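> The structure follows.
Number of protein chains: 2
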Amino acid sequence: MTEEYVGGIEAGGTKIVCAVGTGPEDVRAETRFPTTTPVETIGRAVAFFKEQELRFGRPAAVGIASFGPLDPNPASPTFGMVTSTPKPNWANADLAGPIREALGVPIGFDTDVNIAGLGEWRWGAAQGLSNFIYLTIGTGIGGGVLIDGKPVHGLVHPELGHVALPHDRTADPYDGRCPYHGDCLEGMAAGPAIGERWGKPAAELSPDHPAWELEAHYLALALQSFICTLSPERIVLGGGVMEQPQLFPMVRRKVLEYLNGYVQSPAILDHIDDYIVPPGLGNRAGVLGAFAQAQLIAAGQ
Amino acid sequence: MTEEYVGGIEAGGTKIVCAVGTGPEDVRAETRFPTTTPVETIGRAVAFFKEQELRFGRPAAVGIASFGPLDPNPASPTFGMVTSTPKPNWANADLAGPIREALGVPIGFDTDVNIAGLGEWRWGAAQGLSNFIYLTIGTGIGGGVLIDGKPVHGLVHPELGHVALPHDRTADPYDGRCPYHGDCLEGMAAGPAIGERWGKPAAELSPDHPAWELEAHYLALALQSFICTLSPERIVLGGGVMEQPQLFPMVRRKVLEYLNGYVQSPAILDHIDDYIVPPGLGNRAGVLGAFAQAQLIAAGQ
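Residue numbers (the working numbering), protein chains in the order written: chain A, 1 to 301; chain B, 302 to 602.
So, in structure tokens, the structure goes:
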């Protein structure tokens, strides 16, 4: 082994992926299992890494991409914990602490979307960009903002799914289903909102169903706001809802329409197909991003 | 002189301020004059700095905070130019180039709001913060996003005034006056929109006029989106409209109401009065920020 290997964990609300390796071309072992209680789930993750340690030696670090909300601030007493999640048994659960104790290596810990963004920056659709957004549209909507290859944290971490949007109730009387904000982006455009509005799961709607024009409308309104707020060099859209390939051209067209020529950049005006793109790593951005994060931690960054 | 002095220019659409010094406590000379044609205006600025050179020697650098849109990218062929402004004679005018040529010193060039944000970070209400927003609400609405003391540029520069907002036309039938987006934030909440909606200049409306509740509503909706997008550690609100002191408590109350407890940070939930604040440098943020920018340039950053 010429290169030190690292571990990555992608902890989702329903399943956990654990892997070891050095990058997309060198994933040496991988496992996935359901997210049950913290004790059981963490126990299985630790067992996997202990087994790899027998084969490859101790990893340089382990990165964790977790569902949230969570505390990603290494200086905070609750660092490494999932905080106010509604998921049973997981509110205030310490995820990073027991793993660090059991493995005795440095641990990185951040939101799934920040880490997926990091993966896209390192090996995917946003390599080397100084400013971009990774957004996932699935059962929820979340995103990471990466500036110079580092996820933006600020007070806590961004919650891109909860921006307020125009809502024309005559055209779309649906109230939205965000328990906090009703008709914010997530309330109007996450997978469950599509399903509730149209009376069947989003994945069962045909590609020419009017649901997709409306979905593209809300996504484009949000992207307009993100573009005005951050001037990102690219926007990467992942998640289950974006697996509907007809959405990309619709979203791009509406973003151009809603910006209406105001942002005078050829990247937007002339190259929108390269500006709003799917993830280069597909659904591997999370676990590979956790590798990238572990490598940064191991390098002391 | 133990400290090298710098020059600062705040170039607004109606007037220009030029100053030399090292910081808020050491402004050695200052002048202001109307913004007329580029040639005349730049000529007067150069004459001022030449005069200071006779007294203090050559400045280490000169920072320019300019109205926009503009090109702040030092690697671009149009760096230093105001670009697509509707202001007569100024579209595609080179502002930084002739000043650099005449003075023979390094020149910094960025948007007025980015530079004002830099001033607030260096000496004002956002000292040392790793992530904050400076927003100005006046004849237009613009803002700077500063991460680790550097203005975010991305593709061009942020245009925080042009985010899309909820607009309940039953409660507020006003169409908005942004020529690009109609009822975006600037279209609904900049000074001229207030004046047009209520039929008299904003500055003449009494403090208990319903205009201010509505103004606070739109500003709070925008701040909710900015908070979700960036998780800033503080938001500084400047500009002529914010000189209505009754607006600050209204905006703070509505931001708490619209976020509805979702962002679990004591900075917001318990200390909103220190979270949404006026500029520490008042209306001096622009020209002092230009000092700060010149000092960064002189230090090679």
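C-beta atoms are modelled at their ideal positions from N, C-alpha and C, and glycine is treated no differently. Computed from a predicted structure; not experimentally measured.
#1: Which of the three DSSP states, helix, strand or coil, is assigned to phenylalanine 380/B?
#2: Is valine 105/A helix, strand or coil by DSSP?
#3: In or out: asparagine 432/B buried (at least 16 other Cβ within 10 Å) or exposed?
#4: Please classify serine 385/B as buried or exposed, where buried requires at least 16 other C-beta atoms within 10 Å of its C-beta.
#5: Find the residues of chain B that neighbour leucine 230/A, judging by a C-beta separation of less than 8 Å, and give them in chain order.
#6: According to DSSP, which residues form a beta bridge with asparagine 393/B?
#7: Taking a cut of 7 Å between CB atoms, which residues from the segment 220 to 251 of chain A lie near chain B?
#8: Would you identify the three-state DSSP class for glycine 261/A, choosing helix, strand or coil?
#9: Against chain B, does glutamine 264/A count as a neighbour if the rule is that its beta carbon must be under 8 Å from one of theirs?
#10: Rounded to whole angstroms, what is the Cα-Cα separation between glutamine 301/A and leucine 436/B?
#11: Could you work out which residues of chain A lie near leucine 466/B, taking near to mean beta carbons separated by less than 9 Å?
#12: I want to see whether chain B comes within less than 8 Å of threonine 351/A, judged by CB atoms only; does it?
#13: Can you tell me which of Cys479/B, Pro546/B, Thr471/B puts its alpha carbon nearest to the alpha carbon of leucine 506/B?
#14: In its own chain, which residues sit with a C-beta less than 6 Å from the C-beta of alanine 394/B, not counting the 5 before and 5 after it?
#15: So what does DSSP say about serine 225/A, is it helix, strand or coil?
#16: Can you round the beta-carbon distance between glycine 331/A and alanine 75/A to whole angstroms, since I take them to be within the 8 Å contact cut?
#17: Looking at the C-beta of histidine 572/B, does it have a partner C-beta in chain A at a distance below 8 Å?
#18: By a C-beta neighbour count over all protein chains shown, 10 Å radius and 16 as the cutoff for buried, is proline 533/B buried or exposed?
#19: Should lysine 555/B be labelled buried (16 or more other beta-carbon atoms within 10 Å of its own) or exposed?
#20: Using the three-state DSSP reduction, which class does threonine 315/B fall into: helix, strand or coil?
#21: So is proline 69/A in contact with chain B if we call contact Cβ pairs under 8 Å?
#22: Distance cutoff 8 Å, beta carbons only. Does tyrosine 519/B sit that close to anything in chain A?
#23: Alpha carbon to alpha carbon, how far is cysteine 485/B from phenylalanine 226/A?
#24: Would asparagine 92/A count as contacting chain B if we go by Cβ distances under 8 Å?
#25: At 7 Å on the CB atoms, spell out the chain B contacts of alanine 267/A, in chain order.
#26: If we cut at 8 Å on Cβ distances, does glycine 562/B have a partner in chain A?
#27: Do you know offhand how far glycine 541/B's Cα is from glutamate 516/B's?
#28: Quick check on proline 38/A: does DSSP put it in helix, strand or coil?
#29: Could you give the residue range of the beta strand (DSSP E) that holds asparagine 432/B?
#30: Along the chain, where does the beta strand (DSSP E) containing arginine 535/B start, and where does it finish?
#31: Given this structure, state the Cα-to-Cα distance separating proline 158/A from aspartate 71/A, to the nearest angstrom.
#32: Going by other Cβ atoms of all chains shown within 10 Å of its Cβ, with 16 needed for buried, is glutamate 120/A buried or exposed?
#33: Alpha carbon to alpha carbon, what distance is there between glutamate 243/A and histidine 167/A?
#34: From isoleucine 536/B to alanine 568/B, what does the alpha carbon distance come to, in whole angstroms?
#35: Find the nearest neighbour of serine 246/B within the set Gly154/A, Gly182/A, Thr41/A, Arg58/A, judged by alpha-carbon distance.
#36: Going by DSSP, which residues form a beta bridge with glutamate 30/A?
Once the coordinates are examined:
#1: Coil.
#2: Valine 105/A: coil per DSSP, three-state reduction.
#3: Around the Cβ of asparagine 432/B, a 10 Å sphere holds 16 or more other Cβ atoms; the residue is buried.
#4: Serine 385/B is exposed by the Cβ-count criterion.
#5: Contact annotation for leucine 230/A against chain B: Val446, Val453, Gly455, Pro459, Thr530, Leu531 [CB-CB distance below 8 Å, chain order].
#6: Checking the DSSP bridge columns, you'll see asparagine 393/B has no partner listed.
#7: Cβ contacts with chain B come from Leu221, Gln224, Ser225, Phe226, Cys228, Thr229, Leu230, Ser231, Pro232, Glu233.
#8: DSSP places glycine 261/A in coil when its eight states are reduced to three.
#9: Chain B contact via Cβ: present.
#10: Cα to Cα, glutamine 301/A sits roughly 31 Å from leucine 436/B.
#11: In chain order: Ala164, Leu165, Pro166, Ser225.
#12: Here chain A covers residues 1 to 301 and nothing more, so residue 351/A does not appear.
#13: Distance from the Cα of leucine 506/B is smallest, within the candidate group Cys479/B, Pro546/B, Thr471/B, for Pro546/B.
#14: Answer for alanine 394/B: Pro339, Val383, listed in chain order.
#15: Serine 225/A carries a helical assignment under DSSP once its states are collapsed to helix, strand and coil.
#16: The structure shown does not extend to residue 331/A, since chain A spans only 1 to 301, so no value can be given for it.
#17: No, histidine 572/B does not count as interfacial toward chain A.
#18: By the 10 Å Cβ count, proline 533/B comes out buried.
#19: Lysine 555/B is buried by the Cβ-count criterion.
#20: In this structure, threonine 315/B counts as coil in the three-state DSSP scheme.
#21: At a cut-off of 8 Å between C-beta atoms, proline 69/A counts as an interface residue with respect to chain B.
#22: No - not a single Cβ of chain A is within 8 Å of the one on tyrosine 519/B.
#23: Distance from the CA of cysteine 485/B to the CA of phenylalanine 226/A, rounded to the nearest whole angstrom, comes to 13 Å.
#24: Judged by the 8 Å Cβ criterion, asparagine 92/A is not in contact with chain B.
#25: The answer, in chain order, is Leu456.
#26: Yes, contact with chain A.
#27: Glycine 541/B and glutamate 516/B have their C-alpha atoms roughly 13 Å apart.
#28: Note: proline 38/A maps to helix in three-state DSSP.
#29: For asparagine 432/B, the enclosing beta strand (DSSP E) starts and ends at 432 to 438.
#30: 535 to 539 is the span of the beta strand (DSSP E), which, as asked, contains arginine 535/B.
#31: If you take the alpha carbons of proline 158/A and aspartate 71/A, they lie about 12 Å apart.
#32: It counts as buried.
#33: Looking at the backbone, the Cα of histidine 167/A and that of glutamate 243/A are separated by about 25 Å.
#34: Cα-Cα distance, rounded: 11 Å.
#35: With chain B covering only 302 through 602, there is no way to say anything about residue 246/B.
#36: Checking the DSSP bridge columns, you'll see glutamate 30/A partnered with Ala19/A.
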